[in-house]
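> Below is a structure I'd like to ask you about.
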């Protein structure tokens, strides 16, 4: 990516770009792999419109913070949360580039669950990103990654670039005590436990 991430994503969100919705099959897998939140903290990286963060917070019972580097995405997430829930407090929303901003600005020192949906492919420095995730993940915590796999598209498909490669998968899954996967059409979900 040649443009700074915040500039790139802000332009897309501001121009009305929206992304794949969270499905019922995906939330079922999420519940199975993350389990009930019981008020424990969760962090949704690249939260976009906030759908996943709201699900973690309201349906699974996590105390969720959603972070995104695009101001329009953060504003959209906060606005949709107000419309969805009137008498409950919703997730906390932060304008933050998780890859470069000070992690000390997060509201919690450690998170029981960190989610990264349709974001990992776009991270330029994956080793540094995973180090930062491990830094904020509580012992025994789970990193939930949802990403497309490049191998699931034909070589001639221009959208093949939206998926991660076999080498990316190998790096993503190395060094975790437990690795579980589940498939959703072109997407694969990874539940990675410290």
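Numbering (my numbering), first residue to last: 12 to 205. In this text, a Cβ means the ideal position worked out from N, Cα and C, and glycines have one as well.
Using the beta-carbon count (16 or more within 10 Å), is residue 158 buried or exposed?
Buried: at least 16 other Cβ atoms inside 10 Å.
> Could you have a look at residue 160 and say whether DSSP puts it in helix, strand or coil?
Three-state result, residue 160: strand.
> From residue 30 to residue 193, what distance separates their C-alpha atoms?
When rounded, the distance between both Cα atoms is 21 angstroms.
> With distances taken between CB atoms, is the gap from residue 127 to residue 186 smaller than 8 angstroms?
No, Cβ-Cβ distance for residue 127 and residue 186 is not below 8 angstroms.
> Who does residue 155 pair with in a DSSP beta bridge?
Per DSSP, 126, 202.
> Which stretch, first to last residue, makes up the beta strand (DSSP E) that contains residue 120?
Where residue 120 is concerned, there is no enclosing beta strand (DSSP E), given that its DSSP letter is neither H nor E.
> Does the Cβ-Cβ distance between residue 122 and residue 42 come in under 8 angstroms?
Contact flag unset, no.
> For the beta strand (DSSP E) holding residue 190, just list the boundary residues, first then last.
It spans 189-195 - the beta strand (DSSP E) in which residue 190 sits, taken as one unbroken run.
> Taking the runs of the alpha helix (DSSP H) that are 4 residues or longer, which of them lie wholly in the stretch 48-84?
Listed in chain order, they are 62-65.
> Less than 8 angstroms between the CB atoms is what I'm expecting for residue 77 and residue 61, so what's the real figure, rounded?
Sure, about 5 angstroms apart at Cβ, within 8 angstroms.
> So, residue 36 versus residue 108, is the Cβ gap smaller than 8 angstroms?
In this structure, residue 108 does not lie closer than 8 angstroms to residue 36 by Cβ.
> DSSP on residue 105, reduced to helix/strand/coil?
Reduced to three states, the DSSP call for residue 105 is strand.
> Can you tell me which residues form a DSSP beta bridge with residue 148?
DSSP lists 122 as partners of residue 148.
> When the Cα atoms are used, what is the spatial distance from residue 87 to residue 34?
Rounded to whole angstroms, residue 87 to residue 34 spans 19 angstroms at the Cα level.
> Classify residue 120: buried if its beta carbon has 16 or more other beta carbons within 10 angstroms, exposed otherwise.
Classification of residue 120: exposed, given that the 10 Å Cβ count is below 16.
> The alpha helix (DSSP H) with residue 135 in it runs from where to where?
Taken as a continuous stretch (DSSP letters only), residue 135 belongs to no alpha helix (DSSP H), as it is neither H nor E.
> What does the alpha-carbon distance come out to for the pair residue 166 and residue 197?
Cα to Cα, residue 166 sits roughly 14 angstroms from residue 197.
> Please return the same chain residues whose Cβ sits closer than 7 angstroms to the Cβ of residue 82, not counting the five positions on each side in sequence.
These residues qualify, in order along the chain: 21, 106.
> Take residue 12 and list the residues in its own chain whose beta-carbon comes closer than 8 angstroms to its own, dropping the five residues that flank it on each side.
The predicted position of residue 12 is uncertain, since its pLDDT is 47 and thus under 50; a value taken from the coordinates is nonetheless stated next. Taken in chain order, the residues that qualify are 19, 133, 135.
> Would you check if the distance between the CB atom of residue 154 and the CB atom of residue 175 is smaller than 8 angstroms?
No. Outside cutoff.
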